[in-house]
Every structure is written in structure tokens, then in C-alpha cells.
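From first to last, the protein sequence lines stand for chains A and B.
Residues in the first sequence are numbered consecutively from 0, following numbering that gives the first Met the number 0.
Residues in the second sequence are numbered consecutively from 0, following numbering that gives the first Met the number 0.
Idealized CB from N, CA, C, for every residue including glycine.
The block underneath contains the structure these notes are about, expressed in C-alpha cells.
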Amino acid sequence: MNMTTAQQQGSGSPVTVMKLAGELDASCYLDVIAAAKQLYTQGTRNLLLDLSDMTFMSSAGLMALHSITMLMQGKEPPNPEDGWGAMHNIAHDVDQTTGFATHCKLLRPQPRVAKTLTITGFDQILQVFTDEAEALGSF
Amino acid sequence: MHRPTDTTTFRGFGFFQRAEGLRTYQPGEIIFAEGDPGDFMYVVIEGEVAVTLDKRLVNYLEPGTLFGEMALMDKRPRSATVTAATPCRLLPLDTTRFQALIQEEPAFALQVMSIMTERLRRFMEHEVKRLRLQEELNISHQIQMSLLPKKNPQRPGWEFAATYRSAQQVGGDLYDYIPSVHDPDSIHLVIADVTGKGIPAALFMAFSRTILRAEARANPSPAEALRQANRAIVQDIDSRLFLSAFFATLNTQTGHVRFANGGHDRPMWFHAATGVVESLTMAGLLLGVRANITLPEGEIDLAVNDVLVLYTDGVTEARDIRGGMFGEERLAAAIKAAAHCSAQEMVDRLAAAVAHTTGDTPQNDDMTLMVIKRTS
Numbered sequence: 000m001n002m003t004t005a006q007q008q009g010s011g012s013p014v015t016v017m018k019l020a021g022e023l024d025a026s027c028y029l030d031v032i033a034a035a036k037q038l039y040t041q042g043t044r045n046l047l048l049d050l051s052d053m054t055f056m057s058s059a060g061l062m063a064l065h066s067i068t069m070l071m072q073g074k075e076p077p078n079p080e081d082g083w084g085a086m087h088n089i090a091h092d093v094d095q096t097t098g099f100a101t102h103c104k105l106l107r108p109q110p111r112v113a114k115t116l117t118i119t120g121f122d123q124i125l126q127v128f129t130d131e132a133e134a135l136g137s138f
Numbered sequence: 000m001h002r003p004t005d006t007t008t009f010r011g012f013g014f015f016q017r018a019e020g021l022r023t024y025q026p027g028e029i030i031f032a033e034g035d036p037g038d039f040m041y042v043v044i045e046g047e048v049a050v051t052l053d054k055r056l057v058n059y060l061e062p063g064t065l066f067g068e069m070a071l072m073d074k075r076p077r078s079a080t081v082t083a084a085t086p087c088r089l090l091p092l093d094t095t096r097f098q099a100l101i102q103e104e105p106a107f108a109l110q111v112m113s114i115m116t117e118r119l120r121r122f123m124e125h126e127v128k129r130l131r132l133q134e135e136l137n138i139s140h141q142i143q144m145s146l147l148p149k150k151n152p153q154r155p156g157w158e159f160a161a162t163y164r165s166a167q168q169v170g171g172d173l174y175d176y177i178p179s180v181h182d183p184d185s186i187h188l189v190i191a192d193v194t195g196k197g198i199p200a201a202l203f204m205a206f207s208r209t210i211l212r213a214e215a216r217a218n219p220s221p222a223e224a225l226r227q228a229n230r231a232i233v234q235d236i237d238s239r240l241f242l243s244a245f246f247a248t249l250n251t252q253t254g255h256v257r258f259a260n261g262g263h264d265r266p267m268w269f270h271a272a273t274g275v276v277e278s279l280t281m282a283g284l285l286l287g288v289r290a291n292i293t294l295p296e297g298e299i300d301l302a303v304n305d306v307l308v309l310y311t312d313g314v315t316e317a318r319d320i321r322g323g324m325f326g327e328e329r330l331a332a333a334i335k336a337a338a339h340c341s342a343q344e345m346v347d348r349l350a351a352a353v354a355h356t357t358g359d360t361p362q363n364d365d366m367t368l369m370v371i372k373r374t375s
């Protein structure tokens, strides 16, 4: 899994765009969480995950997405060492009308990953965009 | 990286520092390798060496320690590889010199014995831990197997078959047949996949099974059963896991199926009349993520010779040696090819199709398959 970040400007605030390339599975999901944590420590409060080059996402990847969402809300995600930590209830920092998380969004998932997001219902929690400008403007 | 160090240094070290025959090694030089015949033991005079077993670092020796004594004693091949970590000077001692030393310096013999005792003790502790863990896994496996259905349901006009294979000794997949308390002709079919593997997933699976059974009893509607189960999972326990779950209620008199899907892989429906395999698509969300969820409910009617196949992603995401995945298309094709067989035969053939693809590649996720076939 290859990760690269870039700083962009949202409609009102800066947005960090983190591009994930390759497969997101059990072998690297912890690295992705660590990278997001690092970004948060460095001041990132809005995160757009560019999934255009992500070819596959396993359930570990879902854990990562969820942990990253919690991180962006300023919460400590559960310790993965405790056995695949995940969430309890992402009720906070959620748009009350749409139910989407406000500080973490997804960009251009590939069809296979998009299908996983739909089947698992994660596309009801993390808003998915196909256009980068529109995604940035939503923050 | 934490380096284990051997702190059993040799007293009377000065004797060795002055000895003749010291050998010098450069960093990275292998002093001896696993499996080599052994003629010398070594005293580390200067520098540091790394002891590795199967490429894993097991010890790190500093000046004043010794190594290689085992081969000298029992004449068997080297049990580990020792590599110079820094430039170092070692004193090799062959059998003759070793024996002379023991006679001249009794303290030396005692020192060697105490070093070996220390090493043996450490090894035994490690072994005990490993055996204990193995035993716990065995027990956990037995408990888990006892939670899965012991047999497939028997209903006239229907065949039920299933298979479950965990990637480790215990797994996070779950499948269940629950007789309906609301209608004697109906039976609930459940398949679920806890995120993760191993013991935490297995424990969560046990909990989820109980919750799903309870909610199946309390709620006639599959969607409501999952909604309530979801709420219980989110609120009642400090759960750190979540699960995908598909829940269906089958009326064995009519073939009518009501179902809801909590983020699980889409079951496949083989239509006998057309030979088409259809994926049951129904929106949903993984259970354990949000306290309040809306789950739509679907309905289908299974005709005679129709087959319903439920599975977990351990099937569709099973990898072959080249990293490709078994996939939904291959599963659909395998279902179509085997649909004329009995449910049990179908399960066996589908499992074999996956095994054929993965070959020797180790199973990386739990795999579950359920086949429900209407025969009349």
C-alpha cells in the first residue's frame, strides 16, 4: 500500500488529501491508521481519502476507515492490538441531515471497492464523491 | 528493536583476553550457520554477535559471553546461526583446549554449566507458554464447534447443507438455523462474518449468535430482528468488533423467503427455470456501527429445484498463488454447474472449486457456505 498526501483548500478550511494506492488489507491497515494519526497530530482536521488507485479493500480496510473517521473526530480509535479494534457508534460529528461523517470523506473508489462500501453500508457513513473539486468544496 | 542479551558473562575473563588464537570477524560475517557441523565453541572477547534461528533474532551476545558449546558437547549440528554484528574478536576453543581448560580452571566448567542451564530454563518457559496457548486454542475450537449447528435441518421438500472452515483454530464466521417460534413451517437462516479472526472474533461470534437467536424469537420480521440485534451489539457491550449478517426466514410450505441484509455479501439465487444466478441485492449496514439503522426487507419465492447459496467473503476473496481472487463470477458459475446436485454435493463441489483455486496458498480468512435447495 502506497500512501501520499497533499494539502488542498476546502470551501472554508484546509483539507488533506491522502491517496491510497494498492490493496488495503490486514497486512497494512495499521500503517494506514498510523498515517492518519500522524496527520491529525500535525494539524489535519479534514481528510479526503483518494481511493482512485485502491484496487481492493478487505474487512481490515473497513476497520481502518472507521478508525480514521474516529481519529478525525478527535477520538482515540480502539487499540487494534485488542483484537481488530473498531467502533462503537460514530454518532458524533455527523451531519444530522445526511448522517455522513463531516471530517472524513472518500473520493473515486474503484468499482470493486465501491461495491464493498455499498454492501457494508459504509457509503452511508462516509460520503463518496467522484469529483475532487466537489469533494473539497463539501468540507 | 529490542535485542535480547545474554547476561551470563564469564568471570575470569582476563584469562581469555590474553589467550592466543583469537579470530577477528567483520560485521555481517557468519561465524557458523544452523546445520553446520560444530568443532568449536567461542568466547566473545570484543564486539557483539547476533544469534538467529530461522532468520529470527533470538539472542545478542556481548563480550564476556560464550556460545557454540552445545555442538562441542554433543557433536550434533549447529542449532542456530551466529553472525558478527560489529567487528569482533572471538576465541575459538576446540575439544582439546576445552577439556584442558576444564581441568586447569574448574570455575570455567561451572560457568559453562550455568550458562547452559540458563538457556535451558528460558527455552522451557517458552515451550510451556506455547503449549498452553495451543491447548487454549484447542479448547476454544471445541467450544466454537459446539456453537455451530450440529446437523442440517430436515424438512420435506428441502435440502440444507453447510460447511465451515476457519482460517485459524478459531474463527469469526457464524451460520445458524433457527426454527421459527412464530410459524412452525418456517425456519430462519443466518450467516454472519465478524470482522477479524482468532479468539476475539470467536468470542464476539458466540455473543452475536446469542443475540441473533434472541431477536429472532422476539421479532417476526428479519429486518426488525437485525435492527434489534444491531442495537444490542452497539449498546449493550463494549464491543470492539462489528459483523455483517444476513438473516432470512424461509417458509418451507410455500418457498417464500423474507430477508434483510446487514452489510453481508449478497446471497446467490439459482433459478432452475432459467439457469440464471441472481444476487440478492438489499441495502444495509454492518451491525455494530450505528445504534439506529434502517434496514429494508426483501421477499422472494423459491421454486422447485431453485437453490439459495449463502456465503462469507472468505469464499469470494480466497486468493490463488498469483494473488487473484475466487470472486463472485466464479462462485456463480460453480453454483450453476452444480445446481443439479443435492445440497450436500453442491456444498462439497463449491468448497472444492475454491480449494482448487487456492491450491497450497494458506487460507487467510474463515470460509462459510450454506446451500438451501428446494426439491419439491
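Practice problem: Per DSSP, which residues does Ser243 of chain B bridge with? Please list them. | Solution: In the DSSP output, where bridge partners are listed per residue, Ser243 of chain B has B:Asp192.
Quiz item: If we ignore side chains and look at the alpha-carbon of each, how far apart do Ala35 of chain A and Asp73 of chain B end up?
Solution: Answer to the nearest angstrom: the Cα atoms are 54 Å apart.
Quiz item: In three-state terms, what does DSSP make of Met281 of chain B?
Solution: Correct three-state label for Met281 of chain B: coil.
Quiz item: Are the C-beta of Gly262 of chain B and some C-beta of chain A separated by less than 8 Å?
Solution: True, the Cβ-Cβ gap to chain A drops below 8 Å.
Quiz item: If you draw a straight line from the C-alpha of Met141 of chain A to the C-alpha of Ala20 of chain A, how long is it?
Solution: Chain A is shown only over 0 to 138; residue 141 of chain A falls outside these bounds and no answer can be derived.
Quiz item: For Gly37 of chain B, which residues from the same chain have a beta carbon less than 8 Å from its beta carbon, with the 5 sequence-adjacent residues on both sides left out?
Solution: Hits under 8 Å: Phe31, Gly67, Met69, Ala70, Leu71, Lys74, Arg75, Pro76 and Arg77.
Quiz item: Going along the chain, which unbroken runs of the beta strand (DSSP E) with 3 or more residues stay wholly within the segment 244-271 of chain B?
Solution: At a cut-off of 3 residues, the continuous stretches assigned as beta strand (DSSP E) that sit fully inside the segment 244-271 of chain B are 255-261 and 267-270.
Quiz item: What is the rounded straight-line gap between the Cα of Glu103 of chain B and the Cα of Arg17 of chain B?
Solution: As the crow flies, the alpha-carbon of Glu103 of chain B is around 16 Å from that of Arg17 of chain B.
Quiz item: Between Ser66 of chain A and Ala25 of chain A, is the Cβ-Cβ spacing less than 8 Å?
Solution: No, Cβ-Cβ distance for Ser66 of chain A and Ala25 of chain A is not below 8 Å.
Quiz item: Can you find a C-beta in chain A that's less than 8 Å from the C-beta of Arg348 of chain B?
Solution: Arg348 of chain B does not count as touching chain A.
Quiz item: Can you name the residues that DSSP bridges to Arg164 of chain B?
Solution: Looking at the DSSP output, Arg164 of chain B shares a beta bridge with B:Met366.
Self-check item: Short CB-CB distance (under 8 Å) between Thr315 of chain B and chain A
Solution: Not a single CB atom of chain A sits nearer than 8 Å to the CB of Thr315 of chain B.
Quiz item: Within 10 angstroms of its Cβ, does Val256 of chain B collect 16 or more other Cβ (buried), or is it exposed?
Solution: With 16 or more neighbouring CB atoms inside 10 Å of its own CB, Val256 of chain B falls in the buried class.
Quiz item: Ordered along the chain, which non-local residues of its own chain (more than five positions away) have a Cβ less than 8 Å from that of Arg154 of chain B?
Solution: Excluding residues within five positions, the ones whose Cβ falls inside 8 Å are Ile186 and Thr251.
Exercise. Give the single residue among B:Pro91, B:Leu286 and B:Asp184 whose Cα lies nearest to the Cα of Thr23 of chain B.
Key: Of the candidates B:Pro91, B:Leu286 and B:Asp184, the one whose C-alpha sits nearest the C-alpha of Thr23 of chain B is B:Pro91.
Exercise. Anything in chain B within Cβ reach of Gln123 of chain A, meaning under 7 Å, just list it in chain order.
Key: Chain order gives the chain B residues near Gln123 of chain A as Leu284, where near means a beta carbon separation below 7 Å.
Exercise. Measure the Cβ-Cβ separation of His140 of chain B and Gln98 of chain B and say whether it is below 8 Å.
Key: A distance of 8 Å or more separates the beta carbons of His140 of chain B and Gln98 of chain B.
Practice problem: Please compile the residues from chain B whose C-beta is within a distance smaller than 7 Å of the C-beta of Met62 of chain A. | Solution: Proximity of chain B to Met62 of chain A at the Cβ level (cut-off 7 Å) is accounted for by Thr194, in chain order.
Quiz prompt | Proximal residues to Gly326 of chain B (C-beta, below 7 Å), its chain only, five neighbours per side dropped | solution = Closer than 7 Å at the Cβ level, and outside the excluded window around Gly326 of chain B, lie Thr315.
Practice problem: Tell me whether Lys18 of chain A sits in a helix, a strand or coil according to DSSP, three-state version. | Solution: Lys18 of chain A: strand per DSSP, three-state reduction.
Exercise. Indicate whether at least one CB of chain A lies closer than 8 Å to the CB of Arg321 of chain B.
Key: Output row for Arg321 of chain B: interface = no.
Quiz prompt | Supposed contact pair Ala191 of chain B and Leu380 of chain B - C-beta distance, whole angstroms, cut 8 Å | solution = In the structure as shown, chain B begins at 0 and stops at 375. Residue 380 of chain B is therefore absent and cannot be evaluated.
Practice problem: Please determine if the segment 361-372 of chain B and the segment 149-165 of chain B are in contact, where contact requires at least 3 C-beta pairs separated by less than 8 Å. | Solution: The segment 361-372 of chain B, when compared against the segment 149-165 of chain B, does touch it at the 8 Å Cβ threshold.
Quiz item: Using a Cβ-Cβ cut-off of 8 Å (strictly less than) and excluding sequence neighbours within five positions of Glu75 of chain A, which residues of its own chain qualify?
Solution: Same-chain partners within the cutoff: Met69.
Practice problem: Look up Thr4 of chain A in the DSSP assignment and say whether it is helix, strand or coil. | Solution: Residue state for Thr4 of chain A is assigned as strand, using DSSP reduced to three classes.
Quiz item: Beta-carbon of Val276 of chain B versus every beta-carbon of chain A: anything under 8 Å?
Solution: Taking Cβ atoms only, chain A never reaches closer than 8 Å to Val276 of chain B, which makes this a no.
Quiz item: Roughly how many angstroms separate the alpha carbons of Arg219 of chain B and Leu56 of chain B, rounded to a whole number?
Solution: It should be pointed out that residue 219 of chain B corresponds to Pro in this sequence rather than to Arg. Straight-line Cα distance between these residues: approximately 58 Å.
Exercise. Give the residues from the segment 14-38 of chain A that approach chain B closer than 9 Å (Cβ to any Cβ), ordered along the chain.
Key: The segment 14-38 of chain A vs chain B, Cβ under 9 Å: Glu22, Asp24 and Ala25.
Quiz item: At what residues does the beta strand (DSSP E) containing Pro91 of chain B begin and finish?
Solution: Unbroken beta strand (DSSP E) run through Pro91 of chain B: Cys87 to Leu92.
Quiz prompt | beta strand (DSSP E) segments (min. 3 residues) lying fully within the segment 96-133 of chain A | solution = The qualifying runs are 103-106.
Quiz prompt | Own chain residues within Cβ distance below 8 Å of Glu296 of chain B, not counting five before or after | solution = Ser220, Pro221, Ala222, Arg257, Phe258, Ala259 and Met281, listed in sequence order.
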